[in-house]
Amino acid sequence: NAILGLYKGELDLDVDDPEWERQLEALQNMQDQTFISALSRLEAYAHDKMLLKLTSKTTLDFENLMSPGNITIFSVPKADLGENLARLIASTIVMKLWFEILARARMNKPRTPVFLIIDEFQFVADLPIIDTILSEARKYGLHLVIAHQHTKQIPEQLLQSVMSNCAVKVAFQVGGSDIKKLATMDASFADSLAKALTGLTIGKAVVKLTARPGEQQPPPVVVQMDYIPHEVRRANIYTYTFDPGEPSTQDLKGLLNPVLKYIEPAKPLELFALYILYKEKSLAIADLATRLGASRGDVDDAVNSLAGRGFVEVYREGNKKIVRYVKGLFSGLRRVAPSEEGYRLAKRVLLYYAKRGYVVAPARQDPGLSSRPDLVAVSVDKSTWRPIYSKSIAVEVESCNEVETHPEQVARNWVKESVRDFVEVHTWTWDKCYGRLREIYERASVDKSRVKIFSVKIPVEKLVKEVSIKPAEASSVALSEKPALLPSAAAIRPAPVAQTQFEATCSSGRVALTLSSGRVVCVPANLVVVLKMFMDKGYRVEATRTRIVVYDERGEEVFSSSL
């Protein structure tokens, strides 16, 4: 599943490494038939019961295996496992040992010499890392003894690396092209080497030693190998000490990328297209591509996917292809914010993050999760449309009722197990109960560089509703649809503007209003309560000759009325 997820682009491991990016791109650009062929070599790891048991988890402590005096033998019989599986297991062991050797060096541990003896070396010869091991192993305290039957079993480039990096070379009976290749071990003795290799009998070998720097190169020599009688000792070698037991099932996507425990893989281009269409109602697809800064082909794919789920409608107006928003931007919010107050708050919070370039998704309600945030906000690299999961934010949405009646749960959300998977934790509530949230926050023992609190101002529509303006009285009032959201914890309580004062009535049906500039204007009496509520909540009120306008702390117009 993890490999399929990487191939389909559904799993992003957030690895900031050029080589990883290159290999991942090569994997994702692989033709389906080639990918299936490669994947079939790994299939037995998931379906063969014996192999699954052997490889699903490790009971081997490689650090202990590398301790002085230990001898460990790995039996990888091709006859029992098949050639493909034997290759895979042997390669896994070599790579694991190499990574342990590197880890030992990084931690400045003693570089006790470790001898890795690989019979049938061709089984691991296709590992890209082998060339690196051959050239660098000695300085890390790893020494290789490798054996194989003939030179054509390994790639030509790797053979050159073997000939250059192995200080001791031993050649038994060989023939054909091998004689010609092995004669180049020492150019000074090429002719005599070729002759000696041709005349080798059973038990004899040509040995070529490489001298240390500054020493004279010794000539190749022919030696007679001593025969050691074979003794059957298998019964004394096998052990059940490392039996891994039965394999367990794990969510590999969640294990490799913890954020994916809580949400499905993000599709940023689709989500941003949906957000823009929600704001604009409808757009020509060419204009949508321009707004997104994405290629027309990618936007077409995103729109087709959204249309297939019923989130947008696509139709034509003349020669233009138009996309209209239908639904979907707030899908799943009811699950995490079931109350009407909580749902309205969650919608405002989602729009806040979307405007700032985050993909926002409700956390999945999986009973297997011990804890979860309400929402997850994932940063996006818009140059590649790639989610940056390592910068994901856990978002908690707390209604005023929750803040007032369950303060202990609000505080618990800042320290629960799931918070460790996120770079920050943000808690949101309405502005009118922010003071209470602030009290809980200041008393809590949490890392305040990671845990932050925010508030959303009560929507303008709700303010007007609260003062019960009659429809006839409100006919000249224009309401902005822009939500007044606070941009940061520091701005949650903006410094109060110069106080606007109400004075005596100007004339029948009007009241004098003194602006911060000192200018007095007369406003309709039916607007007095509305304007007073705006000013109490820190909004700025200004007037022209014909209109009175209310601005939020960002300078955006949220309310206006004619004078």
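If you read the sequence shown in this note's numbering, its first letter stands for residue 13, the second for the next number, and so on. Every residue gets a Cβ at the ideal spot worked out from N, C-alpha and C, and that includes glycine.
Check whether Ala-358 and Leu-341 have beta carbons under 7 Å apart: Counting from 1 along the sequence shown, the entry for residue 358 is found at position 346. Counting from 1 along the sequence shown, the entry for residue 341 is found at position 329. The answer is no: Cβ separation not under 7 Å.
Beta strand (DSSP E) segment containing Ala-555, residue limits: For this step, residue 555 is matched to residue 543 along the sequence shown. Unbroken beta strand (DSSP E) run through Ala-555: 552–555.
Three-state class that DSSP yields for Ser-200 in the structure shown: For the purposes of this step, residue 200 is taken as the residue at position 188 of the sequence shown. Reduced to three states, the DSSP call for Ser-200 is helix.
Same chain only: Cβ atoms within 7 Å of Tyr-10, ignoring 5 sequence neighbours per side: In the structure as shown, the chain begins at 13 and stops at 575. Residue 10 is therefore absent and cannot be evaluated.
Contacts around Val-88, its chain only, beta-carbon distance under 6 Å, and the 5 residues preceding and following it disregarded: Looking up residue 88 in the sequence shown gives position 76. The answer, listed in chain order, is Ala-98, Ile-101, Ala-102.
Paired residues, beta bridge with Trp-442 - DSSP: As a working note, residue 442 is residue 430 in the sequence shown. Looking at the DSSP assignment, Trp-442 forms a beta bridge with Val-468.
Where Ser-573 falls: helix, strand or coil (DSSP): Here residue 573 is taken as the residue at index 561 of the sequence shown, counted from 1. It is a strand residue.
Close beta carbons around Asn-177, own chain, < 6 Å, minus the five adjacent residues each side: To locate residue 177, count along the sequence shown from 1; it is residue 165. Within the same chain, Asn-177 has close Cβ partners Leu-146, Ser-147.
Cα-Cα separation between Leu-93 and Val-437, rounded to whole angstroms: In the sequence shown, residue 93 corresponds to position 81, counting from 1. In the sequence shown, residue 437 corresponds to position 425, counting from 1. Separation of Leu-93 and Val-437 (C-alpha to C-alpha, rounded to the nearest whole angstrom) is 49 Å.
Of the residues Lys-90, Glu-75, Val-361, the one placed nearest Thr-84, counting alpha carbons only: On the sequence shown, position 72 is the one that residue 84 refers to. If we check each option's Cα against that of Thr-84, Glu-75 comes out closest.
Distance between beta carbons of Val-415 and Ala-389, contact taken as under 8 Å: Counted from its first residue, the sequence shown places residue 389 at position 377. Counted from its first residue, the sequence shown places residue 415 at position 403. With 8 Å as the limit, Ala-389 and Val-415 do not qualify as a contact, their Cβ atoms being about 21 Å apart.
Best match in Ser-467, Tyr-337, Thr-441 for proximity to Arg-321 [C-alpha to C-alpha]: In the sequence shown, counting from the first residue as 1, residue 321 sits at position 309. Closest by alpha carbon: Tyr-337.
Straight-line Cα distance separating Ser-395 from Tyr-576: Nothing in the structure corresponds to residue 576, since the chain is present only between 13 and 575.
Rounded C-alpha distance that separates Val-106 from Glu-243: Counting from one through the sequence shown, the residue named residue 106 turns up at place 94. Counting from one through the sequence shown, the residue named residue 243 turns up at place 231. Val-106 and Glu-243: Cα-Cα distance of roughly 28 Å.
For Ala-14, three-class secondary structure by DSSP: The residue given as residue 14 occupies position 2 in the sequence shown. Correct three-state label for Ala-14: helix.
Integer Cβ distance of Gln-549 from Asp-443, believed to fall under 8 Å: Locating residue 549 in the sequence shown gives position 537, counting from the first residue. Locating residue 443 in the sequence shown gives position 431, counting from the first residue. According to the sequence as given, residue 549 is Lys; it is not Gln. Right, the Cβ-Cβ distance comes to about 7 Å (below 8 Å), so this counts as a contact.
Closest residue to Val-435 among Ala-406, Ile-129, Asn-269 (Cα-Cα distance): Here residue 435 refers to the residue found at position 423 of the sequence shown. The shortest Cα separation from Val-435 among Ala-406, Ile-129, Asn-269 belongs to Ala-406.
Residue nearest to Asn-331 in terms of C-alpha spacing, selected from Leu-449, Thr-417, Ile-297: Locating residue 331 in the sequence shown gives position 319, counting from the first residue. Its Cα nearest to that of Asn-331, the residue Ile-297 stands out among Leu-449, Thr-417, Ile-297.
Proximity of Lys-428 and Ser-383 at Cβ, strictly below 7 Å: By 1-based counting over the sequence shown, the position of residue 428 is 416. By 1-based counting over the sequence shown, the position of residue 383 is 371. Less than 7 Å separates the beta-carbon of Lys-428 from that of Ser-383.
Pro-536, DSSP secondary structure in three states: Counted from its first residue, the sequence shown places residue 536 at position 524. In this structure, Pro-536 counts as strand in the three-state DSSP scheme.
Through-space distance from Lys-273 to Lys-193, alpha-carbon basis: Position 181 of the sequence shown, counted from the first residue, corresponds to residue 193. Position 261 of the sequence shown, counted from the first residue, corresponds to residue 273. Answer to the nearest angstrom: the Cα atoms are 55 Å apart.
Boundaries (first-last residue) of the beta strand (DSSP E) holding Ile-129: For the purposes of this step, residue 129 is taken as residue 117 along the sequence shown, with counting starting at 1. DSSP places Ile-129 inside the beta strand (DSSP E), whose first and last residues are 126–130.
Three-way DSSP call (helix, strand, coil) for Asp-190 in this model: By 1-based counting over the sequence shown, the position of residue 190 is 178. DSSP places Asp-190 in helix when its eight states are reduced to three.
Cα-Cα separation, Glu-420 to Pro-350: Indexing the sequence shown from 1 puts residue 420 at position 408. Indexing the sequence shown from 1 puts residue 350 at position 338. Between Glu-420 and Pro-350, the alpha-carbon positions lie close to 20 Å from each other.
Burial state of Ala-375 (16 or more Cβ within 10 Å): Position 363 of the sequence shown, counted from the start, is the residue given in the question as residue 375. It counts as buried.
Spatial neighbours of Thr-556 in its chain, beta-carbon cut-off 7 Å, leaving aside the 5 residues before and after: As a working mapping, residue 556 is identified with position 544 in the sequence shown. Within the same chain, no residue comes within 7 Å of Thr-556 by CB-CB distance, once the 5 residues on both sides are set aside.
Distance between Ser-574 and Thr-526 (C-alpha atoms, nearest Å): Residue 526 sits at position 514 when you count from the first residue of the sequence shown. Residue 574 sits at position 562 when you count from the first residue of the sequence shown. Going by the C-alpha atoms only, they are around 17 Å apart.
Coarse secondary structure for Ile-105, derived from DSSP in three states: Here residue 105 is taken as the residue at index 93 of the sequence shown, counted from 1. Helix, per DSSP.
8 Å Cβ shell around Ser-79 - same chain, five flanking residues per side excluded: Within the sequence shown, the letter at position 67 stands for residue 79. Correct list, in chain order: Thr-124.
Buried or exposed (CB count within 10 angstroms, at least 16 for buried), Lys-367: By 1-based counting over the sequence shown, the position of residue 367 is 355. By the neighbour-count rule (16 or more Cβ atoms within 10 Å), Lys-367 is not buried but exposed.
Collapsed DSSP secondary structure at Gln-161 in the structure displayed: Residue 161 sits at position 149 when you count from the first residue of the sequence shown. DSSP places Gln-161 outside both helix and strand once states are collapsed to three, so it counts as coil.
For Gln-236, the residue or residues it bridges with in DSSP: Counted from its first residue, the sequence shown places residue 236 at position 224. The partner list for Gln-236 (beta bridge, DSSP) reads Lys-216.
First through last residue of the beta strand (DSSP E) which encompasses Glu-325: Numbered from 1 along the sequence shown, position 313 holds the residue referred to as residue 325. It spans 324–329 - the beta strand (DSSP E) in which Glu-325 sits, taken as one unbroken run.
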